[in-house]
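Per this note's numbering: the sequence shown = residues 28 to 331. Glycine included, C-beta positions come from ideal geometry on N, C-alpha and C. None of these values were measured; they are calculated from a predicted model. Accompanying notes for the structure given below.
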Amino acid sequence: MTVDSSPIRAAVAGPPRPAEKVPTRPRPRGLTIAGVAFRTPYWVFTGAVAVIFLFPLVWTAVASVSPQPGTNQVTGWGFGNYTTLADYQAGIWRYLANSAFVSLLTVALTLLISLLGGYAFARFRFPGRNVLFLLTLAILMVPYATLLIPLYVLLNEVGLQNSLVGVALVLTMFQLPFSTFLMRISFEAVPRELDEAAKVDGCSSFSALWRVLVPAVKPGLITVGLFAFLAAWNDFMAPLILINDSERMTLPLAVANLRGQVQGVVDYGATEAGVVVLALPCVVLFLLLQRHYVRGFMSGALKG
Numbered sequence: 028m029t030v031d032s033s034p035i036r037a038a039v040a041g042p043p044r045p046a047e048k049v050p051t052r053p054r055p056r057g058l059t060i061a062g063v064a065f066r067t068p069y070w071v072f073t074g075a076v077a078v079i080f081l082f083p084l085v086w087t088a089v090a091s092v093s094p095q096p097g098t099n100q101v102t103g104w105g106f107g108n109y110t111t112l113a114d115y116q117a118g119i120w121r122y123l124a125n126s127a128f129v130s131l132l133t134v135a136l137t138l139l140i141s142l143l144g145g146y147a148f149a150r151f152r153f154p155g156r157n158v159l160f161l162l163t164l165a166i167l168m169v170p171y172a173t174l175l176i177p178l179y180v181l182l183n184e185v186g187l188q189n190s191l192v193g194v195a196l197v198l199t200m201f202q203l204p205f206s207t208f209l210m211r212i213s214f215e216a217v218p219r220e221l222d223e224a225a226k227v228d229g230c231s232s233f234s235a236l237w238r239v240l241v242p243a244v245k246p247g248l249i250t251v252g253l254f255a256f257l258a259a260w261n262d263f264m265a266p267l268i269l270i271n272d273s274e275r276m277t278l279p280l281a282v283a284n285l286r287g288q289v290q291g292v293v294d295y296g297a298t299e300a301g302v303v304v305l306a307l308p309c310v311v312l313f314l315l316l317q318r319h320y321v322r323g324f325m326s327g328a329l330k331g
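As structure tokens, then:
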């Protein structure tokens with residue numbers, strides 16, 4: 028006689044375990060036909076805009092090393108046009124140093140003054156605050172070229188005409204309205220509780236600004252500095268009016284003079300090489316700082 032041992036084995040094994048679910052791979056997003064059809068016009072549009080903006084830069088870069096009649100690169104591909112640019116009058120390194128000095132001094136002055144001005148307008152209450160802020164913004168309504176001659180006379184009186192420092196001061200003045208406005212909205216986007224807590228801990232107004240608020244408004248500072256650098260690096264009018272000495276010319280002014288140096292004949296190859304040298308620092312800086320640049324513009328967009 029045989030004994031059925033299945034109940035005994037079931038009792039020893041315990042209650043049956045629930046069936047384990049096989050993990051399923053999540054369905055990838057954005058790969059559906061409807062999603063692709065919806066995004067295709069956006070991709071086509073943004074690609075077309077990118078081509079439109081990049082084509083002049085690429086064409087200039089290629090033309091600067093391609094053979095052209097009437098230039099230093101007549102046959103074959105090479106850097107003959109860059110050699111012409113490098114050997115022009117005081118040399119390209121001199122003009123690059125002049126442009127770098129003017130740009131960096133403009134950036135430093137713009138950051139310092141707009142930081143303090145934006146902090147004062149955003150955090151302090153004083154009589155005539157809004158009127159003073161509107162007067163600062165009113166500088167944007169004045170045409171740039173109309174102020175250069177009066178500024179030329181003023182700088183001549185104080186001994187800064189034909190000076191790179193004078194050019195930097197003029198460029199700083201025209202950058203301050205927008206920079207102060209941007210720094211004000213950047214500070215207003217930061218909760219007041221941060222600097223109030225810092226003052227409770229014993230910080231002064233300046234210490235709270237430097238230790239607490241400056242890191243919070245760093246995207247705005249980067250945006251202001253980038254704008255100031257691009258404006259100063261590419262500016263042509265102020266050096267043209269204020270600089271008389273050929274050795275103190277900035278790079279845009281030197282490239283413009285190089286353009287018609289031989290009996291009014293345009294040296295397109297050297298001009299294109301100069302444009303490439305001018306554009307390269309701007310493109311590199313913008314690509315490196317574009318994330319902070321966007322955050323700086325958006326800093327006050329969602330405020331209260």
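For the 9 Å CB-CB criterion, G97 and D262 do not form a contact. Restricting attention to S232, L209 and F208, the CA atom closest to the CA of R219 is found in S232.
Note that the segment 272-286 does not touch the segment 72-92; fewer than 3 beta-carbon pairs, one per stretch, sit closer than 8 Å.
Taking all protein chains in view, the Cβ of M168 is surrounded by fewer than 16 other Cβ atoms within 10 Å, so the residue is classified as exposed. The closest CA to that of A255, considering only P177, L139, A216 and N284, is found on L139.
Distance between A149 and L187, taken at the CA atoms: about 33 Å. Classified as buried, Y146 has 16 or more neighbouring CB atoms from the shown chains inside 10 Å of its CB.
For D272, the three-state secondary structure derived from DSSP is coil. Taken in chain order, the unbroken stretches of alpha helix (DSSP H) that lie wholly in the segment 63-141 and span 4 residues or more are 107-113. Annotated as distal: G301 and Q100, with beta-carbon spacing of 9 Å or more.
Residue environment for E299: buried (at least 16 other C-beta atoms within 10 angstroms of its C-beta). The alpha carbon of V303 has as its nearest neighbour, out of N108, G252, S130 and L240, the alpha carbon of N108. Within the model, the alpha-carbon separation for T137 versus V310 is close to 21 Å.
Taking C-beta separations shorter than 6 Å and ignoring five residues to either side along the sequence, the partners of L236 in its chain run Y146, following chain order. The three-state secondary structure of Q202, taken from DSSP, is helix. CA-to-CA, the gap between W260 and R66 works out to about 38 Å. By the Cβ test, the segment 107-125 is not in contact with the segment 173-188, since fewer than three Cβ pairs between them sit closer than 8 Å.
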